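Colleague: In this note's numbering, the protein residues as written are 2 to 184.
#1: Quick check on residue 81: does DSSP put it in helix, strand or coil?
#2: So residue 70 and residue 104 are in contact, right, with Cβ under 8 Å, and what is the actual spacing, rounded?
#3: Is there contact here, the segment 67–87 with the segment 103–123, by at least three beta-carbon pairs under 8 Å?
#4: Just how far apart, CA to CA, sit residue 110 and residue 120?
#5: Taking the DSSP output, what are the residues bridged to residue 126?
#6: Should residue 43 go down as buried or exposed, given a rule of 16 or more other Cβ atoms within 10 Å for buried?
#7: Could you check where the beta strand (DSSP E) with residue 74 kicks off and where it finishes?
#8: What is the DSSP secondary structure of residue 32, counted as helix, strand or coil?
#9: Looking at the structure shown, is residue 41 part of a helix, part of a strand, or coil, going by DSSP?
#10: Determine, using beta carbons only, whether residue 53 and residue 77 come nearer to each other than 8 Å.
#11: Within 10 angstroms of its Cβ, does residue 132 collect 16 or more other Cβ (buried), or is it exposed?
#12: What separation, rounded to the nearest whole angstrom, lies between the Cα atoms of residue 187 and residue 172?
#13: Over what stretch of residues does the beta strand (DSSP E) that includes residue 104 continue unbroken?
#14: For a test of the three-state rule: what should DSSP assign to residue 63, helix, strand or coil?
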């Protein structure tokens, strides 16, 4: 029996054949967990980048599209002077006031430069009016050409030009506007 007490006891080998300790397996699991978290973060960043690209593309195709402003002549035309000649010396002298409206459908202001309204009678220029530069509706009639800049969200600037061509039919006897047709 004395022999049994002097024998040295050896620890048993692990049952799964893996000689690693618990500390080693914990560090491997934490490294694997960190790797999975990094992959997940990369996927989220890529998805966010794709989403932002789609939003910017939709924004650029709808909001940032520059449209040509529309110029319209108001139907309230007031004649302050209307003189006509006779059959031997046909002539006319008309002074009237009409409002020109600029309709801007862009997401930014439309600034137009100095321009002129040109009045013609049977393709002959009979008068012009200088229109100063500005941003809003002006007073003028007949044919006007506005050249200006559209500023989108105070970032993008594009040059746009618009034209208006109106035909007026005026009753000379009653000094009233019969018809106003604008293209």
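Glycine included, every Cβ here is placed at the ideal spot set by N, Cα and C. This structure is a prediction, so every number in the text was calculated from the model and none was measured.
Modeller: Taking the definition as stated:
#1: When secondary structure is reduced to three states using DSSP, residue 81 falls in the strand class.
#2: With 8 Å as the limit, residue 70 and residue 104 qualify as a contact, their Cβ atoms being about 6 Å apart.
#3: In short, these stretches touch, since the Cβ pair count reaches three.
#4: In this model, residue 110 and residue 120 are separated by some 28 Å (Cα to Cα).
#5: BP columns for residue 126 point to 121.
#6: The residue in question, residue 43, is exposed, as its Cβ has fewer than 16 Cβ neighbours within 10 Å.
#7: Per DSSP, residue 74 is one residue of the beta strand (DSSP E) stretching across 71–74.
#8: DSSP places residue 32 within a helical segment (H, G or I) once states are collapsed to three.
#9: The answer is helix: DSSP assigns residue 41 an H, G or I state.
#10: Going by C-beta atoms, residue 53 is not nearer than 8 Å to residue 77.
#11: Counting the other Cβ atoms within 10 Å of the Cβ of residue 132 gives 16 or more, which makes it buried.
#12: Outside the modelled stretch of the chain, which goes from 2 to 184, sits residue 187, for which no answer is possible.
#13: 100–104 is the span of the beta strand (DSSP E), which, as asked, contains residue 104.
#14: Helix.
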